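Scroll down for the structure; my scribbles are underneath it.
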Amino acid sequence: DTGVSQNPRHKITKRGQNVTFRCDPISEHNRLYWYRQTLGQGPEFLTYFQNEAQLEKSRLLSDRFSAERPKGSFSTLEIQRTEQGDSAMYLCASSSTSGITDTQYFGPGTRLTVL
Amino acid sequence: QKEVEQNSGPLSVPEGAIASLNCTYSDRGSQSFFWYRQYSGKSPELIMFIYSNGDKEDGRFTAQLNKASQYVSLLIRDSQPSDSATYLCAVRGTDKLIFGTGTRLQVFP
Chain D
255 DTGVSQNPRH
265 KITKRGQNVT
275 FRCDPISEHN
285 RLYWYRQTLG
295 QGPEFLTYFQ
305 NEAQLEKSRL
315 LSDRFSAERP
325 KGSFSTLEIQ
335 RTEQGDSAMY
345 LCASSSTSGI
355 TDTQYFGPGT
365 RLTVL
Chain F
18 QKEVEQNSGP
28 LSVPEGAIAS
38 LNCTYSDRGS
48 QSFFWYRQYS
58 GKSPELIMFI
68 YSNGDKEDGR
78 FTAQLNKASQ
88 YVSLLIRDSQ
98 PSDSATYLCA
108 VRGTDKLIFG
118 TGTRLQVFP
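Okay, structure coming up:
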């Protein structure tokens with residue numbers, strides 16, 4: 255069982271640029287989640303998919319953020335017109351609804367720095 | 018009131034002692050509770066989950082849940098310096114996890 259993988263691990267960009275992150279979940283996990291974490295805070299939910307369907311988006315998620323999971327496998331998270339406030343660790347997690355508690359396992363994260 | 022509350026610490030304990038980490042939550046209907054460990058600069062790593070009142074043990078770790086008091090805790094026995102990390106309490110909402118801010122644990126030799 256390979257774990258959740260995320261690419262890139264680090265991204266430095268200039269304000270106003272667009273960035274895209276990729277997440278590959280644990281194979282056969284049907285749910286995929288995106289969270290954002292800033293220093294000193296716990297991860298904050300952004301959105302999640304069950305298979306290819308996006309089931310929930312956080313009200314805090316700006317319309318500059320978009321996520322896709324076109325074939326129900328990997329997912330991408332795009333941020334358009336980045337702002338300095340977008341600097342954070344972006345975490346992806348996956349889970350399987352066949353288990354008792356739908357336990358989420360996290361990838362290594364993508365650290366975004368917006369200059 | 019935050020949905021999941023933890024003392025940010027740091028909690029300092031000597032090597033070999035029991036570390037006790039606490040968490041309270043606001044949604045009385047919550048069913049599943051998780052403890053994650055996070056080393057500095059790394060992503061959260063699952064330690065254990067609990068969904069029934071009482072204690073659940075896994076090696077040196079024991080999770081305790083009291084739904085009436087809306088309280089969940091994590092005990093770490095025989096603490097080691099390698100346990101020094103931030104411990105995140107998470108409560109499952111509809112499907113997403115709601116995290117506390119974490120408690121920083123320092124285990125000194």
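Protein sequences, first through last, are from chains D and F. Numbered by the working numbering, the letters in the first sequence go through residues 255 to 369 in order. Numbered by the working numbering, the letters in the second sequence go through residues 18 to 126 in order. Glycine included, every Cβ here is placed at the ideal spot set by N, Cα and C. Note that the structure is a prediction, hence the values are computed from the model and not measured.
Terminal residues of the beta strand (DSSP E) in which residue i lies
i: D/V368; result: T364 to V368
i: D/P262; result: Per DSSP, D/P262 belongs to no beta strand (DSSP E) and is neither H nor E.
i: D/A342; result: A342 to S349
i: F/P31; result: L28 to P31
i: F/F78; result: F78 to N83
i: F/Q87; result: Note, F/Q87: premise wrong, no beta strand (DSSP E); not H, not E.
i: F/G117; result: Unbroken run through F/G117: none, as it is neither H nor E.
i: F/I35; result: Neither: F/I35 is in no beta strand (DSSP E) and is coded neither H nor E.
i: D/T330; result: S329 to I333
i: F/D75; result: G71 to D75
i: D/R290; result: R285 to Q291
i: F/E62; result: E62 to I67
Where residue i sits in the DSSP three-state scheme
i: D/D317; result: coil
i: D/Q271; result: coil
i: F/S99; result: helix
i: D/Q304; result: strand
i: F/Q123; result: strand
i: D/G339; result: helix
i: F/Y53; result: strand
i: D/I266; result: strand
i: D/K325; result: coil
i: D/I280; result: coil
i: D/E310; result: strand
i: F/E20; result: coil
i: F/T41; result: strand
i: F/R94; result: coil
Minimum Cβ-Cβ distance from residue i to chain B less than 8 Å
i: D/P262; result: No chain B is present in this structure, whose protein chains are D and F.
CB contact flag (residue i, residue j, <8 Å)
i: D/F303; j: D/R285; result: yes
i: D/P279; j: F/P61; result: no
i: F/L122; j: F/S101; result: yes
i: D/E337; j: D/R269; result: yes
i: D/R318; j: D/E306; result: no
i: D/D356; j: F/D112; result: yes
i: F/Q23; j: F/G117; result: yes
i: F/I67; j: F/A80; result: yes
i: D/L315; j: D/T301; result: yes
i: D/G326; j: D/C346; result: no
i: D/Q334; j: D/A321; result: no
i: F/G26; j: F/D95; result: no
i: F/N70; j: F/K59; result: no
i: D/E332; j: D/N272; result: yes
Residue from the options whose Cα sits closest to the Cα of residue i
i: F/W52; options: F/L38, F/R45, F/C40 and F/L105; result: F/L105
i: F/S47; options: F/S96, F/E20 and F/R121; result: F/E20
i: D/L369; options: D/S348, D/S341 and D/Q358; result: D/S341
i: F/L38; options: F/S69, F/R109, F/I64 and F/G110; result: F/I64
i: F/L82; options: F/S49, F/D95 and F/R109; result: F/S49
i: D/V258; options: D/H264, D/T267, D/Y287 and D/I266; result: D/Y287
i: D/H283; options: D/S312, D/T256, D/R263 and D/Y344; result: D/T256
i: F/I35; options: F/R77, F/R54 and F/T120; result: F/R77
Distance between beta carbons of residue j and residue i, contact taken as under 8 Å
i: F/Q97; j: F/Y42; result: With a Cβ gap of about 28 Å, F/Q97 and F/Y42 do not count as contacting.
i: F/V124; j: F/D44; result: F/V124 to F/D44, Cβ: 32 Å. No contact.
i: D/Y359; j: D/S349; result: 7 Å
i: D/T274; j: D/T330; result: 6 Å
i: F/L114; j: D/F299; result: 7 Å
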